[in-house]
Amino acid sequence: MTKKRWWAIGIAVVLGGGLLVAGGGIGLSLIPFPGKQEFSRPECGKLPSQSEVKRALSQHRDLVARLENIGEGVSVRVGAPCGDQADEALIHIVYHTKKERDAVSSILTNHSFGVPVELIKR
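Just so we're aligned, residue 447 is where the sequence shown starts under the numbering used here, counting upward by one.
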């Protein structure tokens, strides 16, 4: 084989290996996929108080309105997921469709309430 051919094969092997590693990392969520954002709620005992969450909602009324204007299925409210710790809360954003979730995620990628958010499909 010629020297050029060996170079081409070497480059192809390196690029192919890189794509496999990157694809595997994205698939296993080890490497974040651009535009993809996961929202996971902190465990009970680490959530802010209901008054903090209510204050965050009132300070970000424009963000609430923007999210709720996505569609009829989207609502933003205070949620208390830890029944026995009644003072702990977070923001529940309820949506109905994948399109609504994608739009909510897109907005939350660039804007924050400053307190935990949980997306809930209804």
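Where a beta carbon is used, it is the ideal one built from N, C-alpha and C, also for glycine.
*Using DSSP bridges, identify the partner residues of R547.*
Here the question's residue 547 lines up with position 101 in the sequence shown. R547 is not bridged by DSSP to any residue.
*Could you have a look at R523 and say whether DSSP puts it in helix, strand or coil?*
By 1-based counting over the sequence shown, the position of residue 523 is 77. In the displayed model, R523 falls within a strand according to three-state DSSP.
*Could you give the distance in angstroms between the alpha-carbon of V459 and the alpha-carbon of R547?*
Here the question's residue 459 lines up with position 13 in the sequence shown. Here the question's residue 547 lines up with position 101 in the sequence shown. About 39 Å.
*Just the Cα atoms here: how many angstroms apart are Y541 and G519?*
By 1-based counting over the sequence shown, the position of residue 541 is 95. By 1-based counting over the sequence shown, the position of residue 519 is 73. If I take the Cα positions, the gap works out to 5 Å.
_Three-state class that DSSP yields for S504 in the structure shown_ = Here residue 504 refers to the residue found at position 58 of the sequence shown. DSSP places S504 in helix when its eight states are reduced to three.
*Mind checking who I537 pairs with in its DSSP beta bridge?*
On the sequence shown, residue 537 is found 91 positions in, with the first residue counted as 1. Beta-bridge pairing links I537 to V524 and V563.
*For G525, which residues from the same chain have a beta carbon less than 6 Å from its beta carbon, with the 5 sequence-adjacent residues on both sides left out?*
One-based indexing of the sequence shown puts residue 525 at position 79. L536 and H538, listed in sequence order.
_Beta-ladder partner(s) of S495, from DSSP_ = Locating residue 495 in the sequence shown gives position 49, where the first residue counts as 1. E534, per the DSSP bridge assignment.
*Pick helix, strand or coil for T448, following the three-state DSSP scheme.*
Within the sequence shown, numbered from 1, the residue matching residue 448 stands at position 2. When secondary structure is reduced to three states using DSSP, T448 falls in the coil class, being assigned neither helix nor strand.
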